[in-house]
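Okay, so here's the structure we're looking at.
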Amino acid sequence: MLHGRGEAPTRLTNHLVMQESRQKGLGAFGCEESEYTRRQKRACRSMELPPIRPRQPRVSPRLANVRSRSDGCILSSGILFPARPILFRASFPSRAPSMFPKEFDLFRILSLSSARPLAMLVCGLLLAVGCAGVRHNPAGSGIPLAPDPGPASAHPLSPRFEILAADAGPGRFVRALVELRRQVDIPALLASQRERCLSRSESREETLRVLERVARESESTLTPLLEELLSEGALDYYEALRFRSRIYVSILPEALEKIRRHPQVAEIIPEYDGVREARRAAGMGLIGKAPPIPPGDSWGVEMLGLRALWEQGIDGRGVVIGILDSGVMGTHAALASAHREQDYWYDPLEGSPEAIDTVPHGSQVLSCALGRPTLDHAIGTAPGARWVAALANYHNSYNNVNMSLAADWLIFEGRPDVMLGAWGHGKASCDPRDRPMVQALRAAGIVPVFAAGNDGPDAASGQTPAALTGLFPFGLGPLSVAAIDRHGKIIKPSSRGPNPCSPAVPFPDVTAPGWEVPVPTGGGPRSLTLASGTSMSVGWVGGVAAMILQVAPEMPVWEVERIIRQTARDLPPEGFDAASGHGLIDPAAAVAAARAWRPECSPAPAQ
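For the sequence shown, our numbering begins at 55 and goes up steadily by one.
Next comes the structure, spelled out in structure tokens:
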């Protein structure tokens, strides 16, 4: 939630409405059950809350959100107590309302280990009014935490802040991300979920509760300092994220030192703006003056044999595809009717209420995944799927602050099943900045698909995040996609392996159509053009992932990735190679494998 001085910036309105409309509760590994009715037992387990109505766009610096709810739960260290209507449940972030003294903060009191006697007293009171069934979280010892990186005070501020301050000018604010020391160990969390045979949906709900809980507990330690800086005018506004213990701040450069000295701060990351740095995005975009597009299906639809699957009803229906990119042309015929009915769009900077695209790039990538037929052209892999989107890369340029805000919304409010990522950090790069986001996406049950890059044909010309390695459970990376033309040849610009982060990890993974494919353009609601690049290829693979999840909705992320890799059709030369990876995606074979898939173990039946 964002806190600022006086009136909220315009970009807040949409975020606050979207952020609060799908809140999922306060739990850790699981919610403690109330025994006195089956209905409350189910409600406490799922922590489903009704949508909260939009509020006015004004945000108080002391904003607090305290509600009384019959199905609420009060959180203590590793324990959730179901609450009767006579008790308050403090929603995150847990700041006391102005009518109460600062010390009256239930969440902070109950989450402190020193307050466990008080927690037990609360438990006894709850039992006295008929609320039973308190037990420790089912994972055993508690939430797994990543190794402590140590305090930021041990290191000087990045010299990049001097550049940002000079660019901003005297008395102007700069943007930064404050990384805190207490973080969830996501691989350990996933390993625990796998051991307990949780389904994909169960793992997602647990992951979101765990990430939010640890983030809010960590961020609360910094809140007093941030509020002090806010009152002094040194801080313009701040926003606490949830996919990671990370706080976005707009701050005067001279105030950064105070934050750096805070004992719970691990790092202060300066804003990185792709426009300012003149970085090249992963997509090639338009190919210039496009020739007329003949009626009929996209050549990619024919090459992949998609019509036969559509006739069987396999078109991605029931699956949501998300995208973090330049936006989406929400009025184009290929996309207008394909978005989810509610909570489908988020603009973290300007708060545009309707979907827009700052350049056509995001719309083009998304249309290759699920574009509806327009003017007799079938252009997308899974036209039955729905989309959600966050505007992360303004004008198709990466910005780490915007990306963090957009990813946080996508994971917690957008909650897609698949995510299309068509950006990169430069030729032969092994930049880890997106690793926490990719880990959180996969832990939340979202299949990320990334463009290999357009820096070929040189060897080892891939880029991150497509080239990231070491992800749970097999140490591989996310799905990385190369591009092919209509003749079955890898296009020259498609980035090649070996993997720049680890030559032992395959790169790229698979290949998909990516040369002169029909996509939407800004010329009108039904206008099409031709575009090329590995960005377009991402959409086709994302559509196949949607088909897999249509027939096997509880399949874990890594199993979806494995099936797409293993069912790809080999391309010359024989076997895995650094240009085409495992080969051309095969939707029919992938769907057949998904139908035959069985989980490694069956979850225990509900009691």
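Every residue, glycine too, gets a C-beta built ideally from N, C-alpha and C.
Terminal residues of the alpha helix (DSSP H) in which residue i lies
i	result
tryptophan 612	611 to 620
methionine 601	588 to 605
leucine 279	277 to 286
aspartate 462	454 to 463
isoleucine 217	214 to 222
glutamate 311	310 to 314
alanine 242	240 to 249
arginine 229	No alpha helix (DSSP H) holds arginine 229; the beta strand (DSSP E) holding it covers 228 to 234.
Pairwise C-alpha distance: residue j and residue i
i	j	result
tyrosine 292	glutamate 273	11 angstroms
arginine 469	glycine 524	24 angstroms
tyrosine 398	proline 627	42 angstroms
glutamate 256	glycine 225	48 angstroms
alanine 460	tyrosine 400	7 angstroms
glutamate 260	aspartate 512	43 angstroms
lysine 312	phenylalanine 215	14 angstroms
arginine 649	tyrosine 302	43 angstroms
threonine 575	methionine 609	35 angstroms
histidine 541	arginine 652	36 angstroms
isoleucine 377	glycine 507	17 angstroms
threonine 277	asparagine 453	25 angstroms
alanine 208	arginine 235	13 angstroms
asparagine 456	isoleucine 217	19 angstroms
isoleucine 618	glycine 196	34 angstroms
leucine 603	glutamate 249	22 angstroms
isoleucine 163	glutamate 271	Residue confidence for isoleucine 163 is low, a pLDDT of 34 falling below 50, so the modelled location carries little weight; the figure read from the coordinates is stated next. Roughly 11 angstroms separates the two Cα atoms.
glycine 434	serine 352	8 angstroms
serine 391	leucine 638	30 angstroms
serine 483	arginine 298	23 angstroms
glutamate 281	serine 304	13 angstroms
leucine 424	serine 451	23 angstroms
alanine 309	serine 458	22 angstroms
tyrosine 326	alanine 288	21 angstroms
alanine 645	arginine 394	The amino acid occupying residue 645 in the given sequence is valine; alanine does not appear at that position. Computed Cα separation, rounded: 24 angstroms.
isoleucine 368	glycine 223	56 angstroms
alanine 647	alanine 269	38 angstroms
proline 664	glycine 577	Only positions 55 to 661 of the chain appear in this structure, which leaves residue 664 out of reach.
cysteine 655	alanine 294	37 angstroms
valine 503	alanine 494	14 angstroms
valine 472	leucine 284	38 angstroms
Integer-rounded CB distance, given that residue j should sit under 8 angstroms from residue i
i	j	result
alanine 387	proline 579	5 angstroms
leucine 625	isoleucine 347	26 angstroms between Cβ atoms; not a contact.
leucine 231	methionine 601	No, leucine 231 and methionine 601 are not in contact; Cβ-Cβ is about 36 angstroms, not under 8 angstroms.
glutamine 418	alanine 585	5 angstroms
leucine 243	alanine 497	7 angstroms
alanine 24	valine 374	Lying before the first or after the last residue shown, residue 24 is absent from the chain, which here runs from 55 to 661.
proline 349	histidine 449	That belief does not hold up - the Cβ atoms of proline 349 and histidine 449 are roughly 32 angstroms apart, past 8 angstroms.
glycine 635	valine 564	5 angstroms
cysteine 422	glycine 587	Contact doesn't hold; Cβ gap of about 11 angstroms is too wide.
Extent of the continuous beta strand (DSSP E) run through residue i
i	result
leucine 363	Here leucine 363 belongs to no beta strand (DSSP E); instead the alpha helix (DSSP H) covers 360 to 365.
glycine 376	374 to 379
threonine 523	Unbroken run through threonine 523: none, as it is neither H nor E.
alanine 443	440 to 445
proline 201	Here proline 201 belongs to no beta strand (DSSP E), and DSSP marks it neither H nor E.
threonine 583	582 to 585
serine 304	300 to 305
glycine 354	No beta strand (DSSP E) contains glycine 354, which is instead part of the alpha helix (DSSP H) from 353 to 357.
methionine 473	472 to 475
proline 567	564 to 567
serine 534	533 to 538
Contact check, residue i vs residue j, beta carbons under 7 angstroms
i	j	result
tryptophan 569	isoleucine 544	no
alanine 537	serine 548	yes
proline 307	alanine 219	yes
glycine 359	alanine 642	yes
proline 554	alanine 505	no
proline 532	valine 492	yes
arginine 296	phenylalanine 526	no
aspartate 509	lysine 481	yes
alanine 632	glycine 529	no
valine 614	valine 535	no
leucine 464	tryptophan 441	no
aspartate 239	proline 198	yes
Check: residue i C-beta below 6 angstroms from any heavy atom of the ligand NAP
i	result
proline 626	Summarising the ligand content, the structure contains no ligands, and the ligand NAP is consequently not present.
Is the segment 511 to 523 touching the segment 467 to 487 in the sense that three or more CB pairs, one from each, lie closer than 8 angstroms? yes
Between the segment 195 to 207 and the segment 317 to 327, can you find at least three pairs of beta-carbon atoms closer than 8 angstroms? yes
At a cut of 8 angstroms, does the segment 366 to 384 reach the segment 402 to 411 through at least three beta carbon pairs? Yes, the segment 366 to 384 touches the segment 402 to 411.
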